[in-house]
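S.K.: The sequence shown begins at 513 in my numbering and counts up by one.
Note that beta-carbon positions come from the ideal geometry of N, C-alpha and C, so glycine has one too.
Starting off with a structure, shown below.
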Amino acid sequence: MKINVEETSSVERKLNVEIPWDQVKEEIDRALVQIQKRADLKGFRKGKAPMEMVRQVFAEDARQEAVNNLVSVATRKALDENNLDPLGNPYLTDVKSEDEEPLIFEAMVELMPEFELADYEGLKLEKPVSKVTEKEVSHFIDSMRERRAEAVPVFEDRTLKGDDVAEIDFKGSRGGEPVAGMDVSNYIVRLGRSELLPGFEEQIVGMKPDQNRTFDLPFPEEFPNQELAGQTVSFEVTLKQIKELKLPDLDDEFAKSVSEHETVKDLTDMIRQDLEKLREEESEKALKGNLSAKLVEDNQFDVPPSLVDSELRYLIQEYGENLVRSGMPSEKVKDVILEHEDHMKTTAADHVRLVYVINNIADAEKIQATREQVEDLIREAALRTGKDFDDLQKKYTEDGTIRDVAFGIVREEVFKLLIGKADIKEVKVKPEGETESKKDKVKPKKKAAKKKKG
513 MKINVEETSS VERKLNVEIP WDQVKEEIDR ALVQIQKRAD LKGFRKGKAP
563 MEMVRQVFAE DARQEAVNNL VSVATRKALD ENNLDPLGNP YLTDVKSEDE
613 EPLIFEAMVE LMPEFELADY EGLKLEKPVS KVTEKEVSHF IDSMRERRAE
663 AVPVFEDRTL KGDDVAEIDF KGSRGGEPVA GMDVSNYIVR LGRSELLPGF
713 EEQIVGMKPD QNRTFDLPFP EEFPNQELAG QTVSFEVTLK QIKELKLPDL
763 DDEFAKSVSE HETVKDLTDM IRQDLEKLRE EESEKALKGN LSAKLVEDNQ
813 FDVPPSLVDS ELRYLIQEYG ENLVRSGMPS EKVKDVILEH EDHMKTTAAD
863 HVRLVYVINN IADAEKIQAT REQVEDLIRE AALRTGKDFD DLQKKYTEDG
913 TIRDVAFGIV REEVFKLLIG KADIKEVKVK PEGETESKKD KVKPKKKAAK
963 KKKG
């Protein structure tokens with residue numbers, strides 16, 4: 513048996529193995545004997561069929577069984593002789609097996625990364641911070657009033673303005689033929705919300721009740737309905753009524769109607785505190801993101817391709833689902849993913865690298881997730897989803913989720929330790945809403961990317 517081990521990277525080895533034919537034939541014959549014992553051929557009692565007949569019927573099965581056995585033995589021999597501790601099972605990349613010829617195969621072996629952990633004490637980090645302004649609080653309260661506003665008819669002789677509510681009838685046609693689903697009556701649209709096709713609201717501003725107007729508008733290329741995507745549609749619109757939004761007075765009665773507070777002052781204080789809490793959470797999240805980037809930057813090493821591929825599949829699936837939810841046609845999602853695949857692969861590798869760094873720091877600092885901590889999180893998940901704790905714990909154990917739970921605990925403890933020792937510089941940034949006109953509102957936090965334990 514000839515074995516050659518080639519180093520293709522610090523975490524990969526290629527095994528080139530050649531096994532003489534006489535050894536292969538001996539293994540095939542051994543396999544045939546075992547097959548004969550369990551063979552059930554017509555005309556013979558089970559296990560009593562002649563060897564020649566067994567050979568004729570099960571030759572290929574015996575060869576495959578022999579090859580599998582020899583590959584397993586040779587691979588283990590190669591790993592032992594070269595002191596290699598594989599990450600998972602080796603995988604074959606090429607196998608050649610012919611009568612009277614040596615068995616030749618190649619196998620790839622992935623190894624755990626070995627690297628010297630960079631100094632992680634006193635890391636220089638930036639933490640973006642921003643104060644909640646009175647303008648933000650006022651805008652949030654205004655948005656609450658708008659959600660409870662009443663649309664009242666306008667009786668004065670005037671035209672439709674950009675912040676009105678319009679009741680319209682409209683029809684759509686293309687090439688003189690009606691477009692299905694575009695013959696709508698008594699449609700209510702609040703202008704300034706971009707609820708309709710881009711450009712539609714601008715075309716009806718300035719109309720008066722009972723006035724008709726026709727215009728052409730192109731549908732975006734990414735419009736979900738592919739029959740209309742990129743097409744130009746002619747619209748015929750009738751303005752039936754103009755309404756104005758009448759906001760409720762900002763008084764104590766309003767405060768009571770929207771909260772458990774008795775006064776506007778208490779409501780305002782609550783909103784300010786909630787916004788400050790949200791801002792601090794976002795700031796902490798950004799700090800942890802900067803910490804993660806710093807750890808990856810300081811610890812560059814090869815990571816096993818199979819783990820990168822697994823994380824990449826997860827990122828692609830998550831990204832694709834987000835694109836579909838945003839309204840992108842499914843047939844275009846693939847093209848967008850391909851455009852970003854290289855960046856996503858780099859991100860996947862960084863995610864895997866970060867997991868190893870965190871685990872090594874945890875080992876150095878003797879940080880572990882306790883059984884009680886893991887069970888507490890599973891119990892929270894059970895309460896949140898209405899599932900039985902024991903059933904959920906069993907499921908997490910069987911599908912490996914429990915490892916992710918434990919790693920999440922370790923990661924947070926490591927981050928807490930490193931941030932406590934870090935040299936943190938606070939950087940003032942403008943609140944997100946202040947950079948956008950007419951969009952001063954609290955935005956929902958984006959879901960954090962899942963980290964998996966390597």
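Quick check for students: name the residue ranges of the alpha helix (DSSP H) that lie wholly in the segment 614 to 638, counting only runs of 4 or more.
M.R.: Taking only runs of at least 4 residues, no alpha helix (DSSP H) segment lies wholly in the segment 614 to 638.
S.K.: In angstroms with no decimal places, state the Cα-to-Cα distance between Pro-732 and Tyr-831.
M.R.: Against the sequence shown, residue 732 aligns to sequence position 220. Against the sequence shown, residue 831 aligns to sequence position 319. When rounded, the distance between both Cα atoms is 21 Å.
S.K.: Using beta-carbon positions only, say whether Pro-614 and Ile-531 come within less than 8 Å of one another.
M.R.: As a first step, residue 614 must be located in the sequence shown, where it is residue number 102. As a first step, residue 531 must be located in the sequence shown, where it is residue number 19. Yes, these two residues count as a Cβ contact at 8 Å.
S.K.: For Glu-734, name the three-state secondary structure that DSSP assigns.
M.R.: One-based indexing of the sequence shown puts residue 734 at position 222. Correct three-state label for Glu-734: coil.
S.K.: Between the beta-carbon of Leu-930 and the beta-carbon of Leu-803, is there less than 8 Å?
M.R.: Sequence index remark: in the sequence shown, residue 930 carries index 418 (1-based). Sequence index remark: in the sequence shown, residue 803 carries index 291 (1-based). Taking 8 Å as the Cβ cut-off, Leu-930 and Leu-803 qualify as a contacting pair.
S.K.: Under a three-way DSSP split, which group does Pro-710 fall into?
M.R.: As a working mapping, residue 710 is identified with position 198 in the sequence shown. Residue state, collapsed to three classes: coil.
S.K.: Relative to the C-alpha of Ala-678, which candidate in Leu-751, Asn-811 and His-651 has its C-alpha closest?
M.R.: Numbered from its first residue, the sequence shown carries residue 678 at position 166. Nearest of Leu-751, Asn-811 and His-651 to Ala-678, Cα basis: Leu-751.
S.K.: From Leu-708 to His-651, what distance separates their C-alpha atoms?
M.R.: By one-based count along the sequence shown, residue 708 stands at place 196. By one-based count along the sequence shown, residue 651 stands at place 139. Rounded to whole angstroms, Leu-708 to His-651 spans 24 Å at the Cα level.
S.K.: Drop a sphere of 10 angstroms on the beta-carbon of Phe-667, count the other beta-carbons inside from all chains shown, and report buried for 16 or more, exposed for fewer.
M.R.: Stepping through the sequence shown from its first residue, residue 667 is reached at position 155. By the 10 Å Cβ count, Phe-667 comes out exposed.
S.K.: Relative to the C-alpha of Ile-873, which residue among Glu-924, Lys-906 and Gln-905 is closest?
M.R.: Position 361 of the sequence shown holds residue 873. Minimum Cα distance to Ile-873 is reached at Glu-924.
S.K.: Which same chain residues, not among the five before or five after Asp-676, have their C-beta less than 7 Å away from its C-beta?
M.R.: Along the sequence shown, read from residue 1 onward, the residue named residue 676 stands at position 164. Excluding residues within five positions, the ones whose Cβ falls inside 7 Å are Leu-703, Ile-754, Lys-755 and Glu-756.
S.K.: Is it buried or exposed for Ser-522, if we count other Cβ within 10 angstroms and need 16 for buried?
M.R.: Residue mapping note: residue 522 aligns to position 10 of the sequence shown, counting from 1. Ser-522 should be labelled exposed.
S.K.: Classify Val-517 as helix, strand or coil using the three-state DSSP reduction.
M.R.: Walking along the sequence shown from the start, residue 517 turns up at place 5. In this structure, Val-517 counts as strand in the three-state DSSP scheme.
S.K.: Glu-612 lies in the beta strand (DSSP E); which residues open and close that run?
M.R.: Taking the first residue of the sequence shown as 1, we reach residue 612 at position 100. No beta strand (DSSP E) contains Glu-612, which DSSP labels as neither H nor E.
S.K.: Taking 7 Å as the limit between beta carbons, can you name the residues of its chain near Asp-552, skipping five residues before and five after?
M.R.: To locate residue 552, count along the sequence shown from 1; it is residue 40. Counting only Cβ-Cβ distances below 7 Å, and skipping sequence neighbours, we find Lys-558.
S.K.: Hey, quick one: how far does the beta strand (DSSP E) through Asp-681 stretch, first residue to last?
M.R.: Stepping through the sequence shown from its first residue, residue 681 is reached at position 169. From DSSP, the beta strand (DSSP E) with Asp-681 extends over 677 to 686.
S.K.: Quick check on the DSSP output: what are the complete alpha helix (DSSP H) runs of length 4 or more inside the segment 828 to 870, in order along the chain?
M.R.: Listed in chain order, the complete alpha helix (DSSP H) runs (minimum 4 residues) inside the segment 828 to 870 are 842 to 851.
S.K.: Have a look at Asp-541, Asn-724 and Pro-598 and flag the residue whose alpha-carbon is nearest the alpha-carbon of Glu-572.
M.R.: Translated into the one-based positions of the sequence shown, residue 572 becomes position 60. If we check each option's Cα against that of Glu-572, Asp-541 comes out closest.
S.K.: Just to confirm, are Glu-884 and Ala-860 a CB contact at a threshold of 8 Å?
M.R.: Reading the sequence shown from its first residue, position 372 is the one you call residue 884. Reading the sequence shown from its first residue, position 348 is the one you call residue 860. It is not a contact, given that the beta carbons lie outside the stated cut-off.
S.K.: Using the Cα positions of Glu-658 and Lys-758, report the straight-line distance between them to the nearest angstrom.
M.R.: The residue you call residue 658 lines up with position 146 of the sequence shown. The residue you call residue 758 lines up with position 246 of the sequence shown. Cα-Cα distance, rounded: 8 Å.
S.K.: Using a threshold of 7 Å, is the CB atom of Glu-538 nearer than that to any non-hydrogen atom of the ligand FAD?
M.R.: For the structure depicted, the ligand FAD is absent and the ligand set is empty, with no information on it obtainable.
S.K.: Between which two residues does the alpha helix (DSSP H) harbouring Asp-888 extend?
M.R.: Start at 1 with the first residue of the sequence shown, and residue 888 comes out as number 376. It spans 883 to 897 - the alpha helix (DSSP H) in which Asp-888 sits, taken as one unbroken run.
S.K.: In angstroms with no decimal places, state the Cα-to-Cα distance between Pro-816 and Gly-742.
M.R.: Within the sequence shown, residue 816 is the residue found at index 304, counting from 1. Within the sequence shown, residue 742 is the residue found at index 230, counting from 1. So the alpha carbons of these two residues sit roughly 44 Å apart.
S.K.: Would Asp-821 be called buried (16 or more neighbouring beta carbons within 10 Å of its own) or exposed?
M.R.: Within the sequence shown, the letter at position 309 stands for residue 821. That one is exposed.
S.K.: Taking the alpha helix (DSSP H) that Ile-494 falls in, what are its first and last residues?
M.R.: Lying before the first or after the last residue shown, residue 494 is absent from the chain, which here runs from 513 to 966.
S.K.: Quick one: Cα of Met-624 to Cα of Lys-800, how far?
M.R.: What you label residue 624 is simply residue 112 of the sequence shown in a count that begins at 1. What you label residue 800 is simply residue 288 of the sequence shown in a count that begins at 1. If you take the alpha carbons of Met-624 and Lys-800, they lie about 26 Å apart.
S.K.: Quick check: what's the CA-CA separation for Asp-695 versus Ile-680?
M.R.: Along the sequence shown, one-based indexing puts residue 695 at 183. Along the sequence shown, one-based indexing puts residue 680 at 168. Their Cα atoms are separated by approximately 11 Å.
S.K.: Using 8 Å as the Cβ pair cut-off and three pairs as the minimum, do the segment 902 to 921 and the segment 875 to 890 touch?
M.R.: Contact between the segment 902 to 921 and the segment 875 to 890 is present, because at least three Cβ pairs lie under 8 Å.
S.K.: Using only CA atoms, which one of Val-941, Lys-937 and Lys-942 lies nearest to Lys-636?
M.R.: For this step, residue 636 is matched to residue 124 along the sequence shown. For the residues Val-941, Lys-937 and Lys-942, the minimum Cα distance to Lys-636 belongs to Lys-937.
S.K.: With the cut-off set at 8 Å, would you say Arg-525 and Leu-599 are in Cβ contact?
M.R.: The sequence position of residue 525 within the sequence shown is 13, counting from 1. The sequence position of residue 599 within the sequence shown is 87, counting from 1. In this structure, Leu-599 does not lie closer than 8 Å to Arg-525 by Cβ.
S.K.: Taking the alpha helix (DSSP H) that Glu-924 belongs to, which residues open and close that run?
M.R.: For the purposes of this step, residue 924 is taken as residue 412 along the sequence shown, with counting starting at 1. Element bounds for Glu-924: 913 to 933.
S.K.: Grouping DSSP H, G and I as helix and E and B as strand, with all else coil, what is Ser-522?
M.R.: Position 10 of the sequence shown, counted from the first residue, corresponds to residue 522. Reduced to three states, the DSSP call for Ser-522 is coil.
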